[in-house]
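The working numbering runs 10 ahead of the 1-based position in the sequence shown.
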Amino acid sequence: MPSGVRLTSLTAGQLVPYGGDRAAVVSGELAAAFADGDRLVVVHETGDLLHIPAAEHATVDAAVGRAAAAFHSLAAVEDGAISAFFDEFAARLEDDDVFAAIASANDEDVARARAGGRSTTRLVLGESMRASMIAGLRAWRDSTSRRDSVVTAIDHGSWEVEARRAPLGVVGFVFEGRPNVFADATGVLRTGNTVVFRIGSDALGSARAIMEHAVLPATHAVGLPDGVVNLVDSTAHAAGWALFADRRLGLAVARGSGRAVAQLGAVARQHGVPVSLHGTGGAWMVVSADADEEQLALDVHHSLDRKVCNTLNVCCVEAAAAGRLVPIVIAAAQRAAADRGAIARFHGTKRCAGLVDACLDDPCELIDETDLGIEWEWEHDPELSIAVVDDVAEAIELFNRRSPRFAASLISTDPAAHERFYAAVDAPFTGDGFTRWVDGQFAFDQPELGLSNWQGGRLLARGGVLSGDSVHTIRTRARVRDHDVHR
């Protein structure tokens, strides 16, 4: 096909080159579905052919266009108006009459998801989530704006140069079905950015209600430009692909797990859009032979209260004290399960299976070392992998090689061991106790947009917590005092 010719149709069996030396094959189903005006994206990393219907592209194009226009208008808005938006948004969520409409929409979402056999753990917008959203919004209200703060300044005498924080632009989000993302991700307004959401289909009704009854009224009440917050009203995965392929984005954020997040990240990267992925989780705990038993029991128990990305997933116990400490780990996990009216499920490597089985009525599932990289996606019954290791150094090596390199905790009474652990373990989040501290709002008093692991490499110039406050770029400004200065 000559360069510049628009693609209007596909043929079954047609080859689509990618990666320089490979080709994907168009299926009959794709060929039949593809129409004039549609778009085709070939994922260079995998060869996946992604079909974006014209209607989905148009919906996303319009949303990003509104956000781009609003971004330039937002530059003239005072910080006080942005603070007032967060306050107004929080007040509307706090108003029982307003929230009733949102709760009703959420009830419908939950019922639909349950009828389809899907998880509702993060979908239910109950009083706890509501309170957390309100607290997060008020944290943004009270936070100091740094959208034009000086990062560094070099004074040359006759002239000076400043590096200043500046807004990044339009931020695109693709989230799983979690209604609370609005409170988290509208935080990008704090630093002068605008936002476009595409939320999982299970939570779309809740998202529509939050936009209608809280977000849009709040923006209008305080006079923010139209389009500062946009919802892509679509249940199609293609809408997410179209969003991440839009070069007008300053940042693309994908929050979820597994292949879908990796695919979205690949789409963004090949279109030149910076991306922050929040995918595979599962925290690791390394138990030293000198671990305090009471502390260990508390740390395991408090790391298994519910399933999220920072839930304890793998526990490595030093062999020298495994006979004493493995039963404590198991008992603490069983207590966490009992708190939920559930049953703890265990997976053990061959080396520790006997110790685990001695504490259980039924044998644990035997796993290989390679299985330590699996994140157990449990809904009700906590799941935990247990491995016996020769020493902490072996546990670190296993973590660095098998885990998604996310969160690691060492239970030990030796301060020097903690320093060695921190230096050697390849994780953005390290600790000395329970794993569930890894949370932007809990740890840093800032609602998080997501937590990044290092599975795909370390991050450039920012930490593993992405918050609205960290979505910025740097502008450089010169001030010349003596205009006879020259190079």
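Glycine is no exception: its CB is placed at the ideal position from the N, C-alpha and C atoms. Small disclaimer: the values here were computed from a predicted structure and weren't measured.
- Taking the Cα of G29 as reference, the smallest distance to any Cα among A43, E39, V15 and V51 is reached at V51.
- Annotated three-state conformation of E170 is strand, per DSSP.
- Taken in chain order, the complete beta strand (DSSP E) segments of 3 or more residues contained in the stretch 215-261 are 239-241.
- Taking 8 Å as the cut-off, the beta carbon of S419 is found closer than this to the beta carbon of D442.
- With a cutoff of 8 Å on beta-carbon distance, V283 and A262 are scored as near each other.
- If the five residues before and after S138 are omitted, its C-beta is found closer than 7 Å to no C-beta atom of its own chain.
- For R489, the enclosing beta strand (DSSP E) starts and ends at H482 to V490.
- Remark: fewer than three beta-carbon pairs, one from each stretch, lie closer than 8 Å, so the stretch 114-126 and the stretch 56-63 are not flagged as touching.
- By the neighbour-count criterion, in which a residue is buried when 16 or more other Cβ atoms sit within 10 angstroms of its Cβ, T154 is exposed.
- When the beta-carbon positions are compared, L178 and V481 come within less than 8 Å of each other.
- Counting along the chain, F96 sits inside the alpha helix (DSSP H) bounded by residues D89 to E104.
- Only buried fits K317, as 16 or more other CB atoms lie within 10 angstroms of its CB.
- According to the DSSP assignment, F454 belongs to no beta strand (DSSP E) but to the alpha helix (DSSP H) extending over G450 to F454.
- The three-state reading of DSSP puts N203 in coil, since its state is none of H, G, I, E or B.
- Burial of I338 is indicated by the presence of at least 16 other C-beta atoms within 10 angstroms of its C-beta.
- In the structure shown, A264 adopts extended strand secondary structure according to DSSP, grouped into three states.
- Under the three-state reduction of DSSP output, A145 falls in the helix class.
- Boundaries of the alpha helix (DSSP H) around P425: P425 to A434.
- Between the C-alpha atoms of A125 and E118 there is a straight-line separation of about 11 Å.
- Per DSSP, F183 is one residue of the beta strand (DSSP E) stretching across V180 to F185.
- In the structure shown, the three-state DSSP call for V134 is coil.
- The Cβ atoms of R355 and D391 sit closer than 8 Å to each other.
- Partner residues in the beta bridge of G460, as assigned by DSSP, are L476.
- In the three-state scheme derived from DSSP, where H, G and I count as helix and E and B as strand, G38 is classed as helix.
- Beyond the five residues adjoining it in sequence on each side, T245 comes within less than 8 Å, by CB distance, of S211 and L214 in the same chain, given in chain order.
- Sorting A68, S313 and E39 by C-alpha distance to the C-alpha of G47 places A68 at the top.
- Using a 10 angstroms sphere on the CB of R497, the tally of other CB atoms stays under 16, which defines it as exposed.
- Taking the C-beta atoms as reference points, R208 is found no nearer than 8 Å to A141.
- Cβ neighbours of G38 within its own chain (closer than 6 Å, five residues either side excluded): A22.
- Taking C-beta atoms as the reference points, V70 and A252 count as a pair closer than 8 Å.
- Cβ neighbours of A149 within its own chain (closer than 8 Å, five residues either side excluded): Q451, D455, Q456 and P457.
- Beyond the five residues adjoining it in sequence on each side, V327 comes within less than 6 Å, by CB distance, of V297, L335, V336 and V398 in the same chain, given in chain order.
- The Cβ atoms of G197 and L459 sit closer than 8 Å to each other.
- Taking C-beta atoms under 8 Å as the contact rule, N463 and R415 qualify, at a distance of about 6 Å.
- Separation of the CB atoms of L314 and A343 is rounded to 6 Å, and the pair is thereby assigned contact status at 8 Å.
- Residue pairing from DSSP leaves R415 without any beta-bridge partner.
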